Each structure stands twice: as structure tokens, then as C-alpha cells.
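Q: Chains as they are written, first to last, in this note's numbering: chain A, 30 to 305; chain B, 1066 to 1559.
Ideal placement from N, C-alpha and C gives every residue a C-beta, glycine not left out.
What you are looking at is a predicted structure, and each value in this text was computed from that prediction instead of being measured.
Have a look at this one.
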Ligand SMILES: Cc1cc2nc3c(=O)[nH]c(=O)nc-3n(C[C@H](O)[C@H](O)[C@H](O)COP(=O)(O)OP(=O)(O)OC[C@H]3O[C@@H](n4cnc5c(N)ncnc54)[C@H](O)[C@@H]3O)c2cc1C
Ligand SMILES: Cc1cc2nc3c(=O)[nH]c(=O)nc-3n(C[C@H](O)[C@H](O)[C@H](O)COP(=O)(O)OP(=O)(O)OC[C@H]3O[C@@H](n4cnc5c(N)ncnc54)[C@H](O)[C@@H]3O)c2cc1C
Ligand code: SF4
Ligand code: SF4
Ligand code: FES
């Protein structure tokens, strides 16, 4: 259990792992996540289940290195075992046939977007997907996403691949051009904030999948709390998906930085310890 | 499994007990003064997580044991939720046979070293001691003696593992590894059942591990008790959320025939006042979990924790006291309790309040927060509080706090720990729509049998009672095991 059986680099800092976890593979639905801890002194961090294979008994995680804990995971090799892995957590995505869905993934947000795109397509929707990143190297899972999308639009900040521009530019183009019935946005909080403001202009109902800081992931601590429609919600049990137009993204952005200083120091120290 | 008067009487007439009673006259016994357990000096203990109470020496324990009159009608037992045979274990201590004393404890309590430390003895067994009831004297230090016997056994390396009946092959699932689940598991294993305990977190022990701090209950002590259960054949599966990782139905398919839910009251409450989501404001569950379960204060671990300089803890229970004392140990200059009632109404154990005071914790009683303020980064820097006064008693018999108009003032803070109570963990009830619950989210059970509306599911501890105590959770685990055994036997014979 918890053994890594495949590892692949999507880019220098983004890694895909396939992990033996038969129970989770069987129980999970699109939108679910797991909590992972590497090493006895490791931290518990949430990661979306990007795909699962119940027959084989495996789940797939796509991890972007941003700090110590995500780095520890990406440094594991095939045959290594995750110290702790628990899930599936969160509410599954509500999948329905609504017509045309605009799916937008920013950076590593494409990983959690993949299973949702797949499920939306299978439910009979027309799916237009926008993949956005700073540059070409950071665009991931394009092929897999294309398999379940009627159209894929790639946007890069620097124009090194696809169209030059922000995710919101691509979104506007699609919403100008055709009737969009629903939007799903997943990515960095700042991207979700602006994507959500954009769909609001066009009156398109929008779902965002929030990536707050978590500890237990089971509703026990409240570290993941945010404000939705004026009410406090726990992302790990009430979410991670919410009506994007109700989410207080500014508060979420602040809360995400709650441990920034400590974490930065921790990463520098970790890298130093590895140099020795 | 209630102990009968006849049984107690029979035991009391055993030769060794009679002999011990004869050693001293009752008058001599009552003339002795109650032992005082040693404590690490407050200035020293706040520098680390060292356990505050140092335990009794053999001599102190024997002297204290002499005070116990071995009453013909031992009222103390009625104060103990698991009905420990108190005079019997105490007389074993007086006799110098500490290992036998520990065995007496183990007949009814799966975690004596834990209870000896965290039980609210002053409200339970000791409140019903003859000394307290009839002589208005300090009661026998039952809790201290319990801790002594359990510690002695552990340190002697001669831990007795309770006898286990021959395996009957019946598979039982336990949901949650807090004191309720552990006690239940032990009792079922003793009767020969094949027991598996499922725990959502990566560590076994429930609140004993993630909530109660090292300085009150070292994790190593909980681990020894869990080890005993492993030796009895109990299996543990951590990182397993019943209702998520697998459903009750899945487990039934895997051959589990009956279930005990001891999933606790893990959901933190907030006050829903303005600014409560600013950075630096966290639930006591989060604060204590980071420090206790994740060992966040240790620089070798990856989990961070904010160690504030001005820390306010909102609430007056054990959890609040543990949080504020933890803050002190993390280096807070000012660690404050902000509680809306007065000192007398505080639900925390008397000992905890006393220790907190010694450690320099400030108590802002009759004070309630109304709003938080933050700097430009969203980090809390100020809290507005208002003063309260006590009005008429409410339903709980405690005098209701009433706001004093115009009494607001501001306090500088950089960390706030909200410790105003917990709600039952909704994971199990929400995955079992047939399960009957109250409107507070607790599971409805038959009071004696602890059986839920689903016949093969029993439940106990905080998920049934709301936030209660370790010993009540253990009592539930014990009663549920007895009732489930009967239920399964009846089913088998039907
Ligand atoms: C439900 C959920 C699903 C997620 N799924 C994935 C996934 O599939 N793949 C993936 O790579 N990541 C995912 N994340 C984010 C991932 O959990 C964080 O990147 C990770 O916890 C960071 O830990 P760290 O120690 O490496 O970085 P830290 O040192 O903790 O943080 C480094 C930097 O990242 C920021 N950060 C910290 N935590 C988060 C967070 N939760 N989200 C965004 N930024 C954060 C910090 O502000 C800091 O600037 C998910 C988060 C949630 C809540
Ligand atoms: C900080 C603090 C201090 C306290 N101090 C004292 C004290 O001094 N004296 C005292 O008597 N009491 C004290 N208490 C109260 C006491 O700890 C609780 O009443 C007691 O632990 C309840 O036991 P339990 O077995 O019902 O549940 P818990 O100890 O809460 O354990 C429940 C376990 O179930 C797990 N779980 C939940 N859902 C699932 C699921 N679906 N699948 C698998 N596992 C699951 C949880 O992760 C948890 O580990 C304190 C509580 C706290 C929080
Ligand atoms: S378990 Fe608690 S109540 Fe019972 S005798 Fe021990 S300290 Fe007293
Ligand atoms: S009531 Fe007090 S004195 Fe009497 S048996 Fe119990 S502990 Fe001893
Ligand atoms: S992560 Fe602890 S409550 Fe959501």
C-alpha cells in the first residue's frame, strides 16, 4: 500500500505519481482529494486525485513543487512508499448535463481539472477547456485534457505557446463567441479571483475548487476555513468546490500567506541541508 | 457488568484485606494528612514540555494508601464511571504489592495511567470519598494512587496483559481510536472477538494524542497502553476514514458483523464575530493538533505553528487551559484566558487552573470578545472585548453572563485561540442516513446498551455525549462491549 509504481516529470517542477491505494481508487469520485505525509516529521498536505484506476488499484497525483512538503513528495522514486495517505476527502463534484461548460485551469490547477473535464464530457456536455500558464514549460496534461474536451485553448503569459495573454482573455473570447452555461475554474487563488470576476460579467454560474491551507482534512481543525456568501465554510468537508461568485477570494489570498515567512525559511533550510 | 455489593463485601472479607485493616486503627488513619504530589517548578516547566506532575514515591503512595479506611460501603466507587474497585487497589498499595494493585485497575480500566492523570477526580471518585462526604476532610488521593500503580507497573517492565479468551472468529469494527474505542476494543478482544480499530488520523489515540498536551499526558504513556491492546490481538488501521475510505457496507462485505462508533466530538465551534477569519486566529483543535500531533514546535518537523507574543485564548474549559499553557511554552510574553463567566463557573479542572496561574497565565474573566482587527496583511493585531456581569442562573444552573453596556476596550494580540466548544464529528452520521441522531448531531443510543437505531451498531463517548470526559468515554466503551457481546450471543443462539 501507498507504493509509488510510476513517476513522470511534466516539467521541472511538476511531477505525476501513480500510487497503489486500492481502497481510495475504488471509493474516489471526481473532485475528491487525499492528504499525504512524507516521513515521520512530514507535514500533512492536500493533493487532488487527478485520476484513478480501480481495477489496478491505483490513484494518480500531480504535484507542483512550491515548498518543502511538495518537494519531498516529488523527490520520492518508484518503489518508495508514502508514509501516510488518507482519503478520499471532500465532496465530489456535482456533475450534470448543463450544455456548454467552460473549464479553466491555471498552472497545477490543471491536475484537479482533468477528472472534472472527463466527467463533464461523459455526462454529455460540450466542454471548452482553457489551459493557462506563465510559459510553455508549465503547460501540463494538454493531451489528456484534449481527450475529453471539444476544444482546448492554450494561453501563456509570454506567448511562448498557444495564444499570448491571461486566462481571462481566453475566457472572454469564448463567452463573447458562444453561449456558456457553466464555468469551472481551478488554479492559483489570484487566478480564480479574476476568472470569477470575468464570468460574473457574463452572468455565467461558476464553480471554483479552493486550495486553502489544511491540517487534518476531516473538518477537525478549521485551518481551511473561508467565507462563502458571508458564511464561514470549511473547504475540506464543505468543499473544495464552491460557487465562485460567493467566495471571498481576498480573504482566502490573505489566509494562504499565513505561514509564508516560516515556510520560506523552512525551504531554504531544507535546500541547504541537502547541499551538505 | 456492575459490581454488586455482595461481591465487594466478599472481596473485603479476604484474609489479606482483613489483616491490612488491622494494622492501624481508623483514628490513626484519619489523623494522617493527604499527600501532595510533586510538581516541576513553574518557571522551569514552561521552558519545555516536561510533565508537570512528578508522581508519588513509594513511601508517599503507601502513606496515602494508609489513609483509606477500606469502608464497608465504599461510596467512592459510586463516583467512578467505570466502578474501579478503589479500596482493593489502594489496600494492595498499602500492602506493597503494586503490581497486584495495577491488576485491579486493569480489570475495569483499559487506560489507568491515563485516567490517573486526566480524570476530574475531584468531581468523581474523590468527591464521593468518606473523608469528603462525612468528615469534611480532604479525600483520599485516589487519582494520584491510581497513577502511581499504573506507572509502577509500566516502569517495572512487568506489564500484565489481560487474559484473552480463545478466538471466536467474529469480526468487529471499531470506528475511532479515542478512549471510547480503545476501551471497547480491549473488552471485546478479552472475550475472543477479532477486533480492528479504524482511525482517520495517522496516529492512534484520539484526543489523548492530538488534544491533551505532553506536559499533562506524555504520548509515550498512551503508546504503552495501545501496545497492550496490540498484544491482546487488537488490530489497528490508521489513515482510514470509515464512511470515506470504505463505507460500513463495504466493511460488512468484508465480514465485519458489528460496529462500535467512538468517533468523538472533533468539530470546532467559532463565535462568528467580525474578523474571526484573520490570520493568527485559530481553533484550539488546530493549535493543539499542530503542536501535539504534528510536533510543530520542534524545528525538525515540517509543520509550522505561529508562536505569538500576545496570545488570547477564548474559553474556560480544559481545552482552553491546555491551549493557553501551550502558548506560554511556545514563548508567549502574555498568555491570557478570556472567559465570559467568573472563575467559579470555569469548567476546567481545578488543578489545571491552579497550574495555569502558577505559570503566569492572566485570567480576564467576565470578558467576551466582540470583534477582531488586523494589519494590512490580514494578521490579527487587536481584539475588542466587552465586560460582562453575572445575572440569573440559566438552564445549566450557572449564572448567565450579561453584557455591561459601554464597557468595550481593546487588547493587543497577535494570536487568538478560539476554544468555545466542539460539536460531534458528522462523518459517520452523514454517511449513514438510517442512523438516528439528535438535533445537536449526537448519535441516539439506548442508555444502557448503547445500541443505536441500527441494531449492529453501538456508539459511545463524545459522539453520543457531546464534549465529555475520558473516563465517561471509557465507561461507554466498556458498557457497549458487554451489551454487544450479549447481542451477538443472542443472535447466535436464536
Ligand atoms: C483540496 C486541495 C487540493 C490540492 N491539490 C493539489 C494538487 O493536485 N497538486 C498540487 O501540486 N497542489 C495541490 N494543492 C496545493 C498543495 O496542497 C500545496 O501546494 C502544498 O500544501 C504546499 O506545501 P509545501 O510545504 O510544499 O509549501 P509551503 O512551504 O507550505 O508553501 C509554499 C508556498 O505555497 C503557498 N501555499 C501553501 N499552501 C498552499 C495551498 N494549499 N495552495 C496554494 N498555495 C499554497 C504558500 O503561500 C507559499 O507561498 C491542493 C490544495 C488543496 C487544499
Ligand atoms: C484539549 C483537550 C483536553 C481535554 N482534557 C480532558 C481532561 O483533562 N480530562 C478528561 O477527562 N477529559 C478531557 N478532555 C475530553 C476528552 O479528551 C474526551 O471527552 C474524550 O477523548 C472523548 O473520547 P472519544 O473516544 O469519544 O473520542 P476522541 O478521543 O475524540 O477520539 C475519536 C477518534 O475518532 C476518530 N474518527 C472520527 N471519525 C472517524 C471515522 N469516520 N473513521 C475513523 N476514525 C474516525 C478521530 O480522528 C479521533 O481520533 C479533553 C479534551 C480536549 C480536546
Ligand atoms: S478512573 Fe477516574 S473516577 Fe475512576 S477511580 Fe480512577 S480517577 Fe477516580
Ligand atoms: S470512600 Fe474513601 S476511605 Fe472509603 S474506601 Fe473509598 S477511598 Fe477509601
Ligand atoms: S483542514 Fe482541518 S478542518 Fe479542514
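My output table needs one value for residue 1232/B: the three-state DSSP class, helix, strand or coil.
A: coil
Q: Taking the alpha-carbon positions, what's the residue 1371/B to residue 244/A distance?
A: 14 Å
Q: Does DSSP put residue 1333/B in a helix, in a strand, or in coil?
A: strand
Q: Go ahead and pull the three-state DSSP assignment for residue 1066/B.
A: Low confidence applies to residue 1066/B: its pLDDT is 44, below 50, so where it sits in the model is not reliable enough to give any reading.
Q: Does the structure place the stretch 1412-1422 of chain B close enough to the stretch 1146-1155 of chain B that three or more beta carbon pairs sit under 8 Å?
A: no
Q: Just the Cα atoms here: how many angstroms apart are residue 1066/B and residue 1188/B?
A: Note on residue 1066/B: pLDDT 44, under 50, position unreliable in the model; the coordinate value appears next. Answer to the nearest angstrom: the Cα atoms are 23 Å apart.
Q: Give me, in chain order, the residues of the same chain whose beta-carbon lies closer than 6 Å to that of residue 1521/B; leave out the 5 immediate sequence neighbours on both sides.
A: 1323
Q: Flag residue 1367/B as yes if its beta-carbon sits less than 7 Å from any beta-carbon of chain A, otherwise no.
A: yes
Q: Between residue 1207/B and ligand 3, is there a pair consisting of the residue's CB and a ligand heavy atom that are separated by less than 6 Å?
A: yes
Q: Is the distance from the Cβ of residue 1160/B to the Cβ of residue 1085/B below 7 Å?
A: yes
Q: If we require 3 or more residues per run, which beta strand (DSSP E) segments fall completely within the stretch 157-243 of chain A?
A: Every beta strand (DSSP E) stretch that sits fully inside the stretch 157-243 of chain A and reaches 3 residues is listed by chain position as 180-185, 211-215, 235-238.
Q: Which residues in chain B have a C-beta closer than 8 Å to the C-beta of residue 314/A? List them in chain order.
A: The structure shown does not extend to residue 314/A, since chain A spans only 30 to 305, so no value can be given for it.
Q: Whose C-alpha, out of 1415/B, 1408/B, 1427/B, 1424/B, is nearest the C-alpha of residue 1454/B?
A: When only C-alpha atoms are compared, the closest one is 1408/B.
Q: On a CA-only basis, which of 1080/B, 1203/B, 1413/B, 1165/B is nearest residue 1096/B? Give me that one, please.
A: 1203/B
Q: Any heavy atom of ligand 2 inside 6 Å of the beta-carbon of residue 1288/B?
A: No.
Q: Going by the beta-carbon positions, is the gap between residue 1345/B and residue 1467/B smaller than 7 Å?
A: No.
Q: Find out if the Cβ-Cβ distance for the pair residue 1293/B, residue 1264/B is shorter than 7 Å.
A: The beta carbons of residue 1293/B and residue 1264/B sit no closer together than 7 Å.
Q: Scan the stretch 74-88 of chain A for residues whose Cβ lies nearer than 7 Å to a Cβ of chain B and list them as they occur along the chain.
A: none
Q: Could you check the C-alpha separation between residue 326/A and residue 1437/B for me, to the nearest Å?
A: Nothing about residue 326/A can be reported from this structure: the residues present for chain A run from 30 to 305 only.
Q: What separation, rounded to the nearest whole angstrom, lies between the Cα atoms of residue 1205/B and residue 1114/B?
A: 29 Å
Q: Whole angstroms are fine: how far does the CA of residue 37/A sit from the CA of residue 251/A?
A: Using only the alpha carbons, I get a separation of about 34 Å.
Q: Please report how far the alpha carbon of residue 216/A lies from the alpha carbon of residue 139/A, in whole angstroms.
A: 7 Å
Q: Compare the beta carbon distance of residue 1155/B and residue 1130/B with 7 Å and say whether it is the shorter of the two.
A: yes
Q: Mind checking who residue 1260/B pairs with in its DSSP beta bridge?
A: 1237/B
Q: So who's on the other strand from residue 133/A, going by DSSP bridges?
A: 159/A, 214/A
Q: With a threshold of 8 Å on Cβ separation, who are the neighbours of residue 1297/B within its own chain once the five nearest residues in sequence on each side are excluded?
A: Result list for residue 1297/B: 1226, 1227, 1229, 1251, 1254, 1255, in chain order.
Q: Which residue comes first and which comes last in the alpha helix (DSSP H) that contains residue 1324/B?
A: Element bounds for residue 1324/B: not the alpha helix (DSSP H) but the beta strand (DSSP E), 1321-1326.
Q: If you draw a straight line from the alpha carbon of residue 1543/B to that of residue 1510/B, how long is it in whole angstroms?
A: 15 Å
Q: For residue 45/A, decide whether its Cβ has a neighbour in chain B, counting only Cβ atoms nearer than 7 Å.
A: Judged by the 7 Å Cβ criterion, residue 45/A is not in contact with chain B.
Q: Answer yes or no: the CB of residue 1139/B versus the heavy atoms of ligand 4, is any distance below 6 Å?
A: Residue 1139/B: yes, Cβ under 6 Å from ligand 4.
Q: With DSSP collapsed to three states, give me the class of residue 1510/B.
A: coil
Q: Would you mind reading off the limits of the alpha helix (DSSP H) that contains residue 13/A?
A: With chain A running from 30 to 305 in the structure shown, residue 13/A is simply not present.
Q: For the alpha helix (DSSP H) that contains residue 1179/B, what are its first and last residues?
A: 1177-1183
Q: Using three-state DSSP, classify residue 1113/B as helix, strand or coil.
A: coil
Q: Under a CB-based cut-off of 7 Å, is residue 1066/B close to chain A?
A: Only weak support is given to the placement of residue 1066/B: the predicted model assigns it a pLDDT of 44, under 50, and the question is left unresolved by the model.
Q: For a test of the three-state rule: what should DSSP assign to residue 249/A, helix, strand or coil?
A: Residue 249/A carries a coil assignment under DSSP once its states are collapsed to helix, strand and coil.
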